[in-house]
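K.L.:
To convert, count from 1 in the sequence shown and add 36; that's the working numbering.
Glycine residues also receive a C-beta, built at the ideal position from the N, C-alpha and C atoms.
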Amino acid sequence: MNVEIKVPSPGESISEVQLASWLVEEGEQVEKDQDIVEIDSDKATLTVAAEADGKIKLMAKEGDTIEVGSVIAIIDTEATGTAPQVKKEPKVQTDEPQKAPVPETKSTEGREARPPAEAAQKEKAAETELLLSPLARKLLKEAGATEKELFDFFKTYRIGKEDVSFFLQNRDNAPVPPAATATSWPGGRETEQQKMSMLRKKLAQRLVSVKNETAMLTTFNEVDMTAIMEIRKKYKEIFKEKFGVGLGFMSFFTKAVTEAIRHFPKVNAQISGDEIIQFNYVDVSIAVSAPKGLVVPVIRNAEMMSLAEIEKAIKALAIKARENKITLEDMQGGTFTITNGGVFGSMMSTPII
Numbered sequence: 037m038n039v040e041i042k043v044p045s046p047g048e049s050i051s052e053v054q055l056a057s058w059l060v061e062e063g064e065q066v067e068k069d070q071d072i073v074e075i076d077s078d079k080a081t082l083t084v085a086a087e088a089d090g091k092i093k094l095m096a097k098e099g100d101t102i103e104v105g106s107v108i109a110i111i112d113t114e115a116t117g118t119a120p121q122v123k124k125e126p127k128v129q130t131d132e133p134q135k136a137p138v139p140e141t142k143s144t145e146g147r148e149a150r151p152p153a154e155a156a157q158k159e160k161a162a163e164t165e166l167l168l169s170p171l172a173r174k175l176l177k178e179a180g181a182t183e184k185e186l187f188d189f190f191k192t193y194r195i196g197k198e199d200v201s202f203f204l205q206n207r208d209n210a211p212v213p214p215a216a217t218a219t220s221w222p223g224g225r226e227t228e229q230q231k232m233s234m235l236r237k238k239l240a241q242r243l244v245s246v247k248n249e250t251a252m253l254t255t256f257n258e259v260d261m262t263a264i265m266e267i268r269k270k271y272k273e274i275f276k277e278k279f280g281v282g283l284g285f286m287s288f289f290t291k292a293v294t295e296a297i298r299h300f301p302k303v304n305a306q307i308s309g310d311e312i313i314q315f316n317y318v319d320v321s322i323a324v325s326a327p328k329g330l331v332v333p334v335i336r337n338a339e340m341m342s343l344a345e346i347e348k349a350i351k352a353l354a355i356k357a358r359e360n361k362i363t364l365e366d367m368q369g370g371t372f373t374i375t376n377g378g379v380f381g382s383m384m385s386t387p388i389i
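1. Determine the direct distance from the alpha carbon of glutamate 74 to that of valine 43, and round the result to whole angstroms.
2. Along the beta strand (DSSP E) that carries alanine 326, what are the first and last residues, could you check?
3. Can you confirm whether the region 321 to 328 touches the region 350 to 367 when touching is taken to mean that 3 or more C-beta pairs between the two stretches lie within less than 8 Å?
4. Apart from the five residues on each side of it in sequence, which residues of its chain come closer than 7 Å, Cβ to Cβ, to methionine 252?
5. Do lysine 291 and alanine 338 have their CB atoms nearer than 9 Å?
6. Answer with buried or exposed for alanine 354, where buried requires no fewer than 16 other C-beta atoms within 10 angstroms of its C-beta.
7. Buried or exposed: aspartate 366, going by 16 or more other Cβ atoms within 10 Å of its Cβ?
8. Could you please give me the residues that DSSP links to asparagine 38 through a beta bridge?
9. Where does threonine 227 fall in DSSP's three states?
10. How long is the line joining the alpha carbons of lysine 237 and threonine 101, rounded to whole angstroms?
11. Thinking just about the alpha-carbon of each residue, which of Ala80, Gly90, Leu82 is nearest to the one in asparagine 38?
12. With distances taken from CA atoms, which of Ala240, Gly224, Val60 is nearest glutamate 178?
13. Helix, strand or coil for leucine 330, going by three-state DSSP, please let me know.
14. Starting from glutamate 311, follow its DSSP beta bridges and name the residues at the other end.
15. Give the straight-line distance between the Cα atoms of glycine 377 and leucine 235, rounded to the nearest whole angstrom.
16. Residue range of the alpha helix (DSSP H) that valine 246 falls in?
17. Can you check whether the CB of lysine 93 is closer than 9 Å to the CB of glycine 63?
18. Taking Cβ positions, are valine 332 and threonine 371 nearer each other than 9 Å?
19. DSSP three-state label for threonine 294, please.
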């Protein structure tokens, strides 16, 4: 019996999607509910799971634009267990060395040297804290490599599929050069073209549209953060031990926003036609830089949350965003938005709604 895997509807008004990446190979044995493909709409990245056990036949290629409801794969359920699963060699990038991705260095800048015991603890934690997509984990597993080896190679927790491919090609060689090293240009006048994802195209269209349709205002104010920095420094280890999550600045920013809105509730409102809708709750949208573009997931009822609850919510949403698992529901309904350009080294920035 053949089971067809069709493109699900990501939401209203969306008629087509883009096939982002296959998480399985042609002819591979798959299990029911196993994630098999990632699909990009103009609003989010969705993961589609197998609907039955069996051998899969892929009917579309990565990068294809496909209509909602179209068949993208067929699972032969009668082939379950009849053929051994072929061990696939991991896909690797064939680009020239200078085009190979290098790890970000901002995650390690400014860190103090750690004692051996703490460093060992950090390495052990890497196996559970690495932010890897399902396909990246699959490539790693097929190559017989561990997450600890990957962490030791890059010394960062944010690692993409391309980074894994680069690691598999170069793990026996010297470590990659630091990101600050300038890329050597070939000396010609060649250009490179990359197809934009549907999400990135929609983001570009909406950002330009919103900028033209809304009244933009930017104001910069200086705030003394000394007390907050001292509190964080004094209690961050105790906080992490007690709640299992780090104490960052974003939870303080979020808490400050919810308290300020209590005093100035009209800021937490929306114009609909000729009416102003006043919200008696605060759903805070947090801007997160994801591999395929900026996404803004929402923390519901932030006004009722503690610092620890806010930190846990931010961490969960950030991981979902970086693994491309953010859903439309995660991004809908925000009443106030926070974005922190400081993580990119900015002193000041002007976000677009």
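P.N.:
The short version:
1. 10 Å
2. 324 to 326
3. Contact between the region 350 to 367 and the region 321 to 328 is present, with at least three C-beta pairs closer than 8 Å.
4. none
5. yes
6. buried
7. Burial call: buried.
8. Asp112
9. coil
10. 13 Å
11. Nearest C-alpha to asparagine 38: Gly90.
12. Val60
13. strand
14. Ser308
15. Taking the CA atoms as reference points, glycine 377 sits about 21 Å from leucine 235.
16. According to the DSSP assignment, valine 246 belongs to the alpha helix (DSSP H) that extends over 234 to 249.
17. yes
18. no
19. helix
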